[in-house]
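Protein chains in written order, with the working numbering: chain H, 513 to 671; chain A, 576 to 908; chain X, 216 to 333. Heads up, the beta-carbon is just placed ideally off N, CA and C, and yes, glycines get one too.
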Amino acid sequence: MSSKKRKKLSPVQQQYQDFAKAREPKRPIFKNCAKAFFAGGIICTIGQLIQWIFITYFKFDEITSGSPTAATLIFISISLTSLGVYDHLAQWGGAGTAVPVTGFANTIASAALEHKSEGFVLGVGGNMFKLAGPVIVYGVFSAFVVALVKVIIKMLGGM
Amino acid sequence: MLKGHQTWIFESKPIIAGSAAVGGPFEAQGALAKDFDLLHDDLWLGQDSYEKAEKKLLEQACETAIKKAGLKKEDIQFFLSGDLINQIIPSSFTARTLAVPFLGIYGACSSSMEGLTLASLIVDTGFAQNALVGTSSHNAASEKQYRYPTEYGAQKPPTAQWTVTGAGAAVVSAGGNGPHVTAATIGRVVDMGISDPFNMGAAMAPAAVDTIEAHFRDLKADASQYDLIATGDLGRVGHSIAGDLLKKHGINIPEEKLTDCGILMYKADQPVFSGGSGCACAATTTYGHLINRLRRRELSRILVIATGALLSPMSYQQKETIPCVAHAVSIEI
Amino acid sequence: MLEKFIWAFIIGGAICVIGQLLMDGLKLTPAHTMCTLVVAGAILGGFGLYDKLIKFAGAGASVPISSFGNQLVKGALQEAERTGLIGVLTGIFEITSAGISSAIIFGFLAALIFKPKG
Numbered sequence: 513m514s515s516k517k518r519k520k521l522s523p524v525q526q527q528y529q530d531f532a533k534a535r536e537p538k539r540p541i542f543k544n545c546a547k548a549f550f551a552g553g554i555i556c557t558i559g560q561l562i563q564w565i566f567i568t569y570f571k572f573d574e575i576t577s578g579s580p581t582a583a584t585l586i587f588i589s590i591s592l593t594s595l596g597v598y599d600h601l602a603q604w605g606g607a608g609t610a611v612p613v614t615g616f617a618n619t620i621a622s623a624a625l626e627h628k629s630e631g632f633v634l635g636v637g638g639n640m641f642k643l644a645g646p647v648i649v650y651g652v653f654s655a656f657v658v659a660l661v662k663v664i665i666k667m668l669g670g671m
Numbered sequence: 576m577l578k579g580h581q582t583w584i585f586e587s588k589p590i591i592a593g594s595a596a597v598g599g600p601f602e603a604q605g606a607l608a609k610d611f612d613l614l615h616d617d618l619w620l621g622q623d624s625y626e627k628a629e630k631k632l633l634e635q636a637c638e639t640a641i642k643k644a645g646l647k648k649e650d651i652q653f654f655l656s657g658d659l660i661n662q663i664i665p666s667s668f669t670a671r672t673l674a675v676p677f678l679g680i681y682g683a684c685s686s687s688m689e690g691l692t693l694a695s696l697i698v699d700t701g702f703a704q705n706a707l708v709g710t711s712s713h714n715a716a717s718e719k720q721y722r723y724p725t726e727y728g729a730q731k732p733p734t735a736q737w738t739v740t741g742a743g744a745a746v747v748s749a750g751g752n753g754p755h756v757t758a759a760t761i762g763r764v765v766d767m768g769i770s771d772p773f774n775m776g777a778a779m780a781p782a783a784v785d786t787i788e789a790h791f792r793d794l795k796a797d798a799s800q801y802d803l804i805a806t807g808d809l810g811r812v813g814h815s816i817a818g819d820l821l822k823k824h825g826i827n828i829p830e831e832k833l834t835d836c837g838i839l840m841y842k843a844d845q846p847v848f849s850g851g852s853g854c855a856c857a858a859t860t861t862y863g864h865l866i867n868r869l870r871r872r873e874l875s876r877i878l879v880i881a882t883g884a885l886l887s888p889m890s891y892q893q894k895e896t897i898p899c900v901a902h903a904v905s906i907e908i
Numbered sequence: 216m217l218e219k220f221i222w223a224f225i226i227g228g229a230i231c232v233i234g235q236l237l238m239d240g241l242k243l244t245p246a247h248t249m250c251t252l253v254v255a256g257a258i259l260g261g262f263g264l265y266d267k268l269i270k271f272a273g274a275g276a277s278v279p280i281s282s283f284g285n286q287l288v289k290g291a292l293q294e295a296e297r298t299g300l301i302g303v304l305t306g307i308f309e310i311t312s313a314g315i316s317s318a319i320i321f322g323f324l325a326a327l328i329f330k331p332k333g
């Protein structure tokens, strides 16, 4: 619990926080990191393999192979999500399955599937970005700020 | 009649004339499977949505309870029900099917005992001959509403719990034979500042302890008067916290007497993290397993304390902590 | 060549470990964690450092979500080079279009065909 949150609690509540925390099964951070390392590493290696296949057999180069590689990984992730397998892999892999672009695809597919019962326009269409939305919003906004700063500095004769 | 500050004694001893427990796939593989009247292997129950499936579970529990009480829908004066879905639609839509005068309630996972308390009050005071009380929960519907889409790969921590897919219902009647409700203590809302929706056990334990304390104080009783004291869904984490918290408050309940429905529900090898939760957890355990044990005379007097976490997905996003409530009902044979 | 695969594994795994530490250590939600990594990728991209990481680790740097932030910045900067300051606004999605389009298209197809398993 952050210290700002803690200060808002009364002494009795703060005491209980400590009491409860002492009886809380600790998250196995080390084990989770090891699993995340392994799962994330495997997914990136598969990505590397897919990229190599596109370069060697399909006339792409280092730069242009990026897009079809991403699209292929996204296809695989959404297939596994649709088969009901991805969430089980993710319980094991943690950040190893959430951080790669496969995790992004999983958020979109899982939300789309879940809200099918509310129809295709408001349900699927309206909820698809429930979890992916923040990533896109913050990605775009931070890219805008970073690029703006860089371009202005350049214009002012800086870097 | 009121005893102490917040406890009702039901002098006419309303009978639980019939009760039913319906469950889903996980419950079918669980530790209490034999005590369910109906078990489904399909999470959808052949319906188009999880919410409609939950309504079907509740309908089945209600109809089975009425049948087991030897009654018909027309004999029931009032139906009290609540659940976890927004605007308690499974309960409302079940009420539509039953066409019984309806009182919707909400106590999160404490709804089962909140309902049983009110139903017993209505029957004890002569305001009804028969009252039907029910509650339900559905794992996928709850995950969809409170947390993440079910196919989403978010890693759950060891303190998380598994919402029971099921429904429990009971008919409370003014006469007859069977287990009867003797008293109920209505809980206060207690908030000890826990804000993690993946650790409901720690959030609810203080409310359970507060209600148990109030129950013993109001009735001038102690654990020796009960064969079993079961909390609703504290899970392993909450159960251990509650045990220590009770000792800290000077309330002595022997370990073999204190249990939790969320722990009883599932087998050790099922991937349910800290244990079961959801309205149906306390309801199906009580209206199935515990009532059966009472009827077999394995137990003669029990206290069930259903616990509820009164948060919403929005309150969590608005950085609120989790207020909880617990309601206790004593049932005797 | 095998070296490329080994570095992809190691760097990809390492970025995921950073994510795991954010989730378990700082108790951030997956959404907060991914946003943090995307913003970090955008900042590193602004300094030109992320492309260096991709040259070295290949898919180990281009597959994690942080690369998305880098691609957004590159798109903005590329367009700004061509059309001036306004390019910072208009060029953002130029490079990442494959990722977002395929996620939407395949996601929608999945919803047409499949039901969640619960």
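Here's the rule: buried if 16 or more other CB atoms are within 10 angstroms of the residue's CB, otherwise exposed. What is E649/A? exposed
Q) At a cut of 8 Å, does the stretch 829-839 of chain A reach the stretch 800-808 of chain A through at least three beta carbon pairs? A) yes
>> Three or more C-beta pairs under 8 Å: does that hold for the stretch 759-771 of chain A against the stretch 842-855 of chain A?
In response: no
message = Against chain H, which members of the stretch 264-293 of chain X pass a CB distance test of less than 7 Å?
response = G273, A274, G275, S277, V278, P279, I280, F283, G284, L287, V288, A291, L292
Using 8 Å as the threshold, is the stretch 892-907 of chain A in touch with the stretch 868-883 of chain A, meaning 3 or more CB pairs across them? yes
ask   = In whole angstroms, what separates the C-alpha of F632/H from that of I320/X?
value = Going by the C-alpha atoms only, they are around 13 Å apart.
Ends of the beta strand (DSSP E) at T806/A?
-> 803-806
Ignore the nearest five residues each way along the sequence and tell me which others in L885/A's own chain have a CB closer than 7 Å to its CB. Excluding residues within five positions, the ones whose Cβ falls inside 7 Å are A683, V764, P898, C899, V900.
In angstroms, rounded to a whole number, what distance separates the CA positions of I555/H and V524/H? 47 Å
TODO: Give the single residue among K520/H, S522/H, D599/H, A534/H whose Cα lies nearest to the Cα of L820/A.
DONE: Measuring from the Cα of L820/A, the nearest candidate turns out to be A534/H.
- [ ] Pair every Cβ in the stretch 591-605 of chain A with every Cβ in the stretch 306-325 of chain X, then say whether three or more of these pairs are closer than 8 Å.
- [x] no
field: Delimiting residues of the alpha helix (DSSP H) encompassing S622/H
entry: 613-626
Spatial distance of A796/A from T757/A (CA atoms):
13 Å
| request: For my contact list, S629/H and S686/A are in at a C-beta cut-off of 8 Å; report their separation, rounded to the angstrom. | output: Not really, about 24 Å apart at Cβ, beyond 8 Å.
Q: Give me the Cα-Cα distance between P346/X and F570/H, rounded to the nearest whole angstrom.
A: Since the first residue shown for chain X is 216 and the last is 333, residue 346/X is missing from the structure and cannot be characterised.
- [ ] State the Cα-Cα distance for the pair E626/A and V739/A, rounded to the nearest angstrom.
- [x] Cα to Cα, the separation comes out at about 14 Å.
Let me see if you follow: with CB-CB separation under 8 Å, is D573/H close to chain A or not? no
| field | Contacts that G333/X makes with chain A (C-beta to C-beta distance below 7 Å) | value | Chain-order list of chain A residues neighbouring G333/X: L618, N714, A715, T725, by C-beta distance under 7 Å.
Exercise for review: Return helix, strand or coil for K578/A, following the three-state DSSP convention.
Suggested key: strand
Quick one: list the residues of chain X neighbouring F587/H, beta-carbon separation under 8 Å, in chain order. S317, F321
query = Closest to V746/A by CA distance: which of T882/A, Y681/A, W583/A, T692/A is it?
reply = T692/A
Assess, as a yes-or-no matter, whether the stretch 645-656 of chain H is touched by the stretch 701-719 of chain A under the definition of 3 or more beta carbon pairs within less than 8 Å. Here the stretch 701-719 of chain A does not lie against the stretch 645-656 of chain H, with fewer than 3 beta-carbon pairs under 8 Å apart.
Q) So with Cβ pairs under 8 Å, would you call I258/X a contact of chain H? A) yes
- Rounded C-alpha distance that separates A313/X from G762/A: 55 Å
| Per-residue contacts from D530/H into chain A (C-beta, under 9 Å) | Within 9 Å Cβ-Cβ: nothing; D530/H doesn't reach chain A, min ~11 Å.
* To do: Count the other CB atoms, across all protein chains shown, that sit within 10 Å of the CB of H824/A; report buried if there are 16 or more and exposed otherwise.
  => exposed
If the cut is a Cβ gap below 8 Å, which residues of chain H does M767/A touch? Within 8 Å Cβ-Cβ: V524, Q525, Y528, Q529, A532.
Practice task
For my contact list, A603/A and D616/A are in at a C-beta cut-off of 8 Å; report their separation, rounded to the angstrom.
Solution key: 6 Å
**Request:** Can you check DSSP and say which residues form a bridge with A595/A?
**Result:** A744/A
- Query: What did DSSP end up calling A884/A once you bin it into helix, strand or coil?
  - Reply: strand
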